[in-house]
Amino acid sequence: MKQSVVATILFTSMVTYSLTEARARTFNVKNYGAVGDGQHNDQPAIQAAVNAAITSGKGNTVYIPRGSYLLDPTDGDGNNTQIVISQASDLSMVGENGTYLINPVPTRGFIRVWGSSNTTIDHITMRQSHRLFSQVKVESVNASNNSIVVSVNKGFDDLNSKWIQQANQLLVFNDEASGSWGDHSASCSYYAPAYESVCWPPVVQSRTRIANGKWRLGLNTTPQANYVGATAVVWDQTNHSSALYLSVNNGFTISNSEYYPEGSDGLFYAKYNNGKFLIKNVTLSVPDGSGEFVAGYSGMWSANNKWDLDFENSTLIKVWDDVINTGAQYAKIVSKANSTTINVDRASAIYAPGDTVSIWDWTPGSQYERSRAKITSVACGPDVAGQVCTLQLDRPVDVRLTVNSTSVSREDIADRLIDLAGVGSLKVNNCAIQGFHSSGIYSKASPTLITNSMIFDTVGPAVAIGPSFNFGEGSSPNNIQIRNNTFINDSSSNVMIGTERDGSKYIGAFMDGHDIDVSGNRFFLYGRFTRGAVGDTHYPIYLRYIESGKVNGNFILPYDGQVHGYGSTYKQYSPNVSVTNDYQ
2 MKQSVVATIL FTSMVTYSLT EARARTFNVK NYGAVGDGQH NDQPAIQAAV NAAITSGKGN
62 TVYIPRGSYL LDPTDGDGNN TQIVISQASD LSMVGENGTY LINPVPTRGF IRVWGSSNTT
122 IDHITMRQSH RLFSQVKVES VNASNNSIVV SVNKGFDDLN SKWIQQANQL LVFNDEASGS
182 WGDHSASCSY YAPAYESVCW PPVVQSRTRI ANGKWRLGLN TTPQANYVGA TAVVWDQTNH
242 SSALYLSVNN GFTISNSEYY PEGSDGLFYA KYNNGKFLIK NVTLSVPDGS GEFVAGYSGM
302 WSANNKWDLD FENSTLIKVW DDVINTGAQY AKIVSKANST TINVDRASAI YAPGDTVSIW
362 DWTPGSQYER SRAKITSVAC GPDVAGQVCT LQLDRPVDVR LTVNSTSVSR EDIADRLIDL
422 AGVGSLKVNN CAIQGFHSSG IYSKASPTLI TNSMIFDTVG PAVAIGPSFN FGEGSSPNNI
482 QIRNNTFIND SSSNVMIGTE RDGSKYIGAF MDGHDIDVSG NRFFLYGRFT RGAVGDTHYP
542 IYLRYIESGK VNGNFILPYD GQVHGYGSTY KQYSPNVSVT NDYQ
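So this is what it looks like as structure tokens:
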């Protein structure tokens, strides 16, 4: 009797499993009219296949055979992405070696994924068919009238073409061998105040065509003599879009794929996601043989996600801004009912009962943590000023709501609420990262694990972990492991934990970072670009307000055979961190 029951159960389970598997189908985009010749508009066919796969149920695959699939070439139709995956479950979009999505509108993203679970993109190459920048050779400079004469490099758009005519920033690559952008003035520091903004990319204020492919550019600052003979990039950094837009998803994977931004934005922009997000065997770079000096504006940007973000065996290089930036969960406190009841902007963060939150003072120049509490309940609804969430806390908190409407953006003095439990985790393993204007990795996630990676040619810290005061967010860095990485030619301190870049301004900020491990790393040419133009020399490892941790067995090769008066590690308010490093 028992054996019969067991057999019945097993048979029923097998039938159920088989029926479930049978329902999973493959939707070939060519069956929906896609051609894949790079000439026809294949966007409607691909979208139709996606819609059919989603409607058909869970676990389906959209198959894109080898070929070049031109997406919608129209502009100004109100869509900011070419393909939309909406409310899908276990959907896969799979290509093969030689599957290309070609985007002729570089200000529109490739794919939007929202409200979905466990979406996978595999073996897809995404490439823009137009650049948002051009490259030129500087032929001469005229310091008396702040102008230069340039000739457009072969294969690049002329400076009056559609996507270039509004470009107004000039990046001069004084050291072409390194492929890294150099500042045009050795006297300019990385943290130049607003009145020294000319130390950053010169602005093209006028352009006069001299002949085909030859132009006179008027700049907002005096050009340097070493411009002559250098390659420069003329770029518009404000009109960019990401390849992927990810929001309100539970789980996502992109693997074995490539993205060539051509001056557009990063691999993805992400908000309000949770679950496992895996980026594996992915390349963000410039096309082989293109000679391009710039890939895109950023590697990725994210905030207000409760996820586990994992980069594996990936290459993200020639990126202008932060390559990997995991923003915290933060929102402005808009009002308070009493000492244990506050209202926050619901459009910003995702809060849940049990989360530990931190109230941060936001007076410019003196940010610090006021108090902490746990959320006991969350209720969201309309408010006169917009949409808010009402949070009940388990203890009284000190909240101040003075707002200075004349102050700069995000520094309005109204307090911020940081969700210390809601950032998730970050893992970066066996990756190559280059952010030649900013940081390689900027993380607020606890835990953060960075291993076996090479981070090079960054102007800011190669790895910065802790609060970002400029964006109203922060959390104490805990359970941070940075092990067995190689740092080459990174300006500023290579590893900064427990402070933002200019954290010396915020001596009143309270941090309590703990369980920090910086071990087995190799530092070469630290604190100084070989161009000698950007940044200045600091300790390769900088810790601030760290309660516990170790810095052990790091190999540090001093620049020019010297440490320039610095040691290997600077500990500010971190007396309990043990330090043992090696020098050549």
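Okay, so the sequence shown: first residue is 2 according to my numbering, each after it adds one.
The beta-carbon is built from N, C-alpha and C at its ideal position, and this holds for glycine as well.
These numbers were taken from a predicted model, which means no experiment stands behind them.
Could you pull the start and end residues of the alpha helix (DSSP H) that residue i belongs to?
| i | result |
| --- | --- |
| Ser1 | Summary: the structure shown does not reach residue 1, with the chain confined to residues 2 through 585, and so no result is reported for it. |
Straight-line CA distance for residue i to residue j?
| i | j | result |
| --- | --- | --- |
| Ile557 | Asn339 | 53 Å |
| Ser222 | Lys272 | Reading off the sequence, residue 222 comes out as Thr, not Ser. Spanning the two alpha carbons is a distance of roughly 38 Å. |
| Ala168 | Ile351 | 37 Å |
| Asn282 | Glu313 | 6 Å |
| Thr62 | Arg128 | 22 Å |
| Tyr298 | Ala446 | 22 Å |
| Thr121 | Arg109 | 21 Å |
| Pro107 | Pro397 | 50 Å |
| Gly39 | Ala46 | 14 Å |
| Val460 | Ser494 | 10 Å |
| Asp491 | Ala463 | 6 Å |
| Ser135 | Lys572 | 44 Å |
| His41 | Asn275 | 37 Å |
| Asp311 | Ala304 | 15 Å |
| Tyr574 | Ile451 | 24 Å |
| Leu133 | Thr126 | 19 Å |
| Val150 | Ile165 | 17 Å |
| Gly156 | Ser243 | 24 Å |
| Gly300 | Pro576 | 35 Å |
| Val295 | Lys319 | 5 Å |
| Ala226 | Ser291 | 27 Å |
Specify, as a first and last residue, the run of the beta strand (DSSP E) that residue i falls within.
| i | result |
| --- | --- |
| His515 | 515-520 |
| Ile442 | 442-444 |
| Glu140 | 134-143 |
| Phe278 | 275-285 |
| Asp311 | 307-313 |
| Ala89 | It is not in any beta strand (DSSP E) - Ala89 carries neither H nor E in the DSSP assignment. |
| Gly110 | 110-115 |
| Gln573 | 570-573 |
| Trp236 | 232-236 |
| Leu72 | That residue, Leu72, is in no beta strand (DSSP E); it is neither H nor E in DSSP. |
| Phe157 | Careful: Phe157 lies outside any beta strand (DSSP E) and carries neither H nor E. |
| Ala1 | There is no way to answer for residue 1, as the model of the chain reaches only from 2 to 585. |
| Gly252 | 251-261 |
| Asn29 | 27-29 |
| Arg1 | A query on residue 1 cannot be resolved here, the shown segment of the chain reaching from 2 to 585 and no further. |
| Ile103 | 100-104 |
| Gln225 | Taken as a continuous stretch (DSSP letters only), Gln225 belongs to no beta strand (DSSP E), as it is neither H nor E. |
So, is residue i buried or exposed, given that buried needs 16 or more other C-beta atoms within 10 angstroms?
| i | result |
| --- | --- |
| Asn146 | exposed |
| Thr327 | buried |
| Ser378 | exposed |
| Arg417 | buried |
| Gly441 | buried |
| Asp184 | Any reading at Asp184 must be qualified, since the residue scores a pLDDT of 49, below 50, and its modelled position is unreliable; no value is offered. |
| Asn98 | exposed |
| Thr449 | buried |
| Arg210 | exposed |
| Asn306 | buried |
| Val345 | buried |
Just to check my reading of the structure: residue i and residue j have Cβ atoms closer than 8 Å, yes? What is that Cβ distance to the nearest angstrom?
| i | j | result |
| --- | --- | --- |
| Val95 | His124 | 6 Å |
| Ile542 | Thr570 | 4 Å |
| Ile466 | Ser444 | 5 Å |
| Ile55 | Gln83 | Not quite, the Cβ-Cβ distance comes to about 16 Å (not below 8 Å), so this is no contact. |
| Leu218 | Arg208 | 5 Å |
| Ile103 | Ser57 | Actually they do not touch by this definition, with Cβ atoms about 27 Å apart. |
| Ser148 | Glu140 | 12 Å between Cβ atoms; not a contact. |
| Asp399 | Arg373 | That pair is no contact at about 11 Å. |
| Ile434 | Leu317 | 5 Å |
| Leu171 | Val205 | 6 Å |
| Trp115 | Ser248 | 5 Å |
| Ser315 | Thr284 | 7 Å |
| Val235 | Val137 | 6 Å |
| Val51 | Ile86 | 6 Å |
Using a C-beta cutoff of 9 Å, does residue i count as contacting chain C?
| i | result |
| --- | --- |
| Thr121 | Looking at the structure shown, chain C is missing, and only one protein chain is on hand. |
Using DSSP bridges, identify the partner residues of residue i.
| i | result |
| --- | --- |
| Ile547 | Gly514 |
| Ile149 | Val142, Leu218 |
| Leu421 | None, per the DSSP bridge assignment. |
| Thr452 | Asn430, Arg484 |
| Gly297 | Val320 |
| Ser207 | Gly219 |
| Tyr270 | Tyr246, Trp302 |
| Asn339 | Thr342 |
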